[in-house]
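Chemist: Residue numbering for the sequence shown follows my numbering, beginning at 47 and increasing consecutively. Take this structure, written in structure tokens, and hold onto it; I'll ask about it next.
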Amino acid sequence: MLRLFKIDNGLIKEMESQREDLPNQILKADWIDAHEPDDEERDLLELLLHTDIPESDEVDEIEISARCFVDSAGIHVHPLFLSQSEGRHMTLTVACILQQNHLITIREGDLADFRLLRMRARRGHVECRSPAELLVILLDQKVENHADTLEDIHRQLEGVSHMVLEDDKSELEDAIGKLARLEDSNGKIRLCLMDTQRDISFLLRHLRDRTDQSETLREIARDVETLMSHTTFLFDKINFLMDSTQGFINIEQNQIIKIFSIAAVVFLPPTLVASIYGMNFEFLPELKMPLGYPWALLLMLISGFAPYWYFKRKGWL
């Protein structure tokens, strides 16, 4: 699917795409957003814009030479974006090709950053004067969304912290599951921020003649540094809560083992008495005693109560 946008009087506006006039509209568009393009759309873009449209496996290459480079078609940047599905965060790579008169983005998944940018464009809130500035705006919005996600993670961590450290009735196993998901999301955001640092460094080298974009990129880089520090803080907090949760689980398990251990010690002397008088030897003097049975019962009660009283006095119970 192709979405086309035009810069009109300093604002980015979405164009109404018409199938019969699509080639002419593509040439007039300042931003071509190709969302899961089919083979026909890929061929049309390659023909009109004189560039190769990368496949998904090419976009996901991790080598820096494959993610940021310049060729005859323009400046190529493949930034990582954050996506959410079924409560879990994922990373998706978007291929961005910056030409003199066009910005082309090729992506396979639906991303909140692009939905938000389209919504802001429809409301006339995206001020832009060139495709290069639009790419910078896209990166700036990406970093802002990461900041919002980190704030949400911090709020969720406060809830988990209450579960672990203050709520006596909480399920600690559930807390471990939540902490694992938050740690994964925080790691994905940190990965996207590290990728953004690399993209900004690359663009600063190739857009140095554009003063406004360069200054904005430096501001984004400073914001990224701040967010990187925040992810480190969140990692430390998650690790602390994870260690605390595991510690409380160990304490609960030790309490259970303690109960079984004390029960074994308490019932061991009565068992010994019962075992002695359960022997089938002929000469057991107590077997002839009229009060032998109640005497044995009393002896078992005393031998069981004595260690319990001793443990209680020592404060072990």
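Cβ coordinates follow ideal geometry from the N, Cα and C atoms, glycine included. Here the structure is a predicted model, which is why all the values come from computation and not from measurement.
Please work out which residues of its chain come closer than 6 Å, Cβ to Cβ, to VAL123, disregarding the five sequence neighbours upstream and downstream, and give them in chain order.
Modeler: The sequence position of residue 123 within the sequence shown is 77, counting from 1. Around VAL123: CYS114, CYS142 and ASP245.
Chemist: Return the residue from the list ASN232, LEU180, VAL172 and ILE183 that minimises the CA-CA distance to ARG201.
Modeler: Along the sequence shown, one-based indexing puts residue 201 at 155. Here the closest residue by C-alpha is ASN232.
Chemist: I'd like the list of long-range same chain contacts for SER290, defined as Cβ closer than 7 Å, with 5 residues on each side in sequence excluded.
Modeler: Position 244 of the sequence shown holds residue 290. VAL210 and LEU211, listed in sequence order.
Chemist: Taking a contact to mean a Cβ-Cβ separation below 8 Å, would you say ARG256 touches ALA178 in this structure?
Modeler: Counted from its first residue, the sequence shown places residue 256 at position 210. Counted from its first residue, the sequence shown places residue 178 at position 132. Taking 8 Å as the Cβ cut-off, ARG256 and ALA178 qualify as a contacting pair.
Chemist: Beta-carbon separation of LEU50 and GLN64 under 8 Å?
Modeler: Indexing the sequence shown from 1 puts residue 50 at position 4. Indexing the sequence shown from 1 puts residue 64 at position 18. In this structure, GLN64 does not lie closer than 8 Å to LEU50 by Cβ.
Chemist: DSSP state of LEU48, grouped into three classes?
Modeler: For the purposes of this step, residue 48 is identified with residue 2 of the sequence shown, where counting begins at 1. Residue state, collapsed to three classes: strand.
Chemist: If distances are taken between C-alpha atoms only, which option among PHE160, HIS252, ALA193 and ALA310 comes closest to ILE184?
Modeler: Sequence index remark: in the sequence shown, residue 184 carries index 138 (1-based). Residue 184 is actually Leu in this sequence, not Ile. The option with the nearest alpha carbon to LEU184 is PHE160.
Chemist: Nearest-angstrom Cα distance between VAL311 and ILE297?
Modeler: Reading the sequence shown from its first residue, position 265 is the one you call residue 311. Reading the sequence shown from its first residue, position 251 is the one you call residue 297. Rounded to the nearest angstrom, the two C-alpha atoms are 21 Å apart.
Chemist: Please state if the CB of LEU287 and the CB of LEU218 are separated by a distance shorter than 8 Å.
Modeler: Along the sequence shown, read from residue 1 onward, the residue named residue 218 stands at position 172. Along the sequence shown, read from residue 1 onward, the residue named residue 287 stands at position 241. No, these two residues do not count as a Cβ contact at 8 Å.
Chemist: DSSP three-state label for LEU57, please.
Modeler: Locating residue 57 in the sequence shown gives position 11, counting from the first residue. Note: LEU57 maps to strand in three-state DSSP.
Chemist: Shortest alpha-carbon distance to ASN55 belongs to which of ALA167, ASP79, LEU149 and GLU66?
Modeler: Walking along the sequence shown from the start, residue 55 turns up at place 9. Ranking the options by Cα distance to ASN55, first place goes to ALA167.
Chemist: Decide if GLU86 is buried, meaning its Cβ has at least 16 other Cβ atoms within 10 Å, or exposed.
Modeler: The count along the sequence shown starts at 1 and reaches residue 86 at position 40. Result: exposed.
Chemist: Alpha carbons only, please: which of LEU237, GLY120 and GLU197 is nearest the one belonging to HIS252?
Modeler: Mapped onto the sequence shown, residue 252 falls at position 206. Per the Cα distances, GLY120.
Chemist: So, for PHE294: in the same chain, excluding its five sequence neighbours on each side, which residues have a beta-carbon less than 8 Å away from its beta-carbon?
Modeler: Here the question's residue 294 lines up with position 248 in the sequence shown. VAL210 and LEU218.
Chemist: Counting only runs that start and end within the stretch 116-196, where is the beta strand (DSSP E) found for 3 or more residues in a row?
Modeler: The qualifying runs are 120-123, 126-131, 134-139, 141-144 and 149-153.
Chemist: Thinking C-alpha only, which one of LEU263, MET325 and GLU101 is nearest GLU82?
Modeler: Here residue 82 corresponds to residue number 36 of the sequence shown, with the count starting at 1. Here the closest residue by C-alpha is GLU101.
Chemist: Can you give me the C-alpha to C-alpha distance between ASP241 and LYS234, rounded to a whole angstrom?
Modeler: The residue given as residue 241 occupies position 195 in the sequence shown. The residue given as residue 234 occupies position 188 in the sequence shown. Approximately 11 Å, taken between the alpha carbons.
Chemist: In or out: PHE329 buried (at least 16 other Cβ within 10 Å) or exposed?
Modeler: Looking up residue 329 in the sequence shown gives position 283. It is exposed - the Cβ of PHE329 has fewer than 16 other Cβ atoms within 10 Å.
Chemist: Using the C-alpha atoms, what's the distance from LEU93 back to LEU249?
Modeler: Position 203 of the sequence shown, counted from the start, is the residue given in the question as residue 249. Position 47 of the sequence shown, counted from the start, is the residue given in the question as residue 93. Distance between the alpha carbons of LEU249 and LEU93 is about 26 Å.
Chemist: Can you tell me where the beta strand (DSSP E) holding ALA80 begins and where it ends?
Modeler: On the sequence shown, position 34 is the one that residue 80 refers to. From DSSP, the beta strand (DSSP E) with ALA80 extends over 77-81.
Chemist: If I measure Cβ to Cβ from GLU332 and keep anything under 6 Å in the same chain, skipping five residues before and after, which residues do I get?
Modeler: The residue given as residue 332 occupies position 286 in the sequence shown. Result list for GLU332: GLY338, in chain order.
Chemist: Whose C-alpha, out of PRO125, ILE284, LEU73 and ILE266, is nearest the C-alpha of VAL206?
Modeler: Against the sequence shown, residue 206 aligns to sequence position 160. Nearest of PRO125, ILE284, LEU73 and ILE266 to VAL206, Cα basis: ILE284.
Chemist: With HIS252 as the anchor, note down where its alpha helix (DSSP H) starts and where it stops.
Modeler: Stepping through the sequence shown from its first residue, residue 252 is reached at position 206. Segment 218-252, the alpha helix (DSSP H) holding HIS252.
Chemist: Between the C-alpha atoms of THR97 and PHE279, what's the straight-line distance to the nearest angstrom?
Modeler: Locating residue 97 in the sequence shown gives position 51, counting from the first residue. Locating residue 279 in the sequence shown gives position 233, counting from the first residue. One C-alpha to the other measures close to 43 Å.
Chemist: So, at 8 Å on beta carbons, what are the nonlocal neighbours of VAL189 in its own chain, with the 5 sequence-adjacent residues on each side left out?
Modeler: The sequence position of residue 189 within the sequence shown is 143, counting from 1. Hits under 8 Å: LEU239, THR242, ILE266, ASP269, VAL270 and LEU273.
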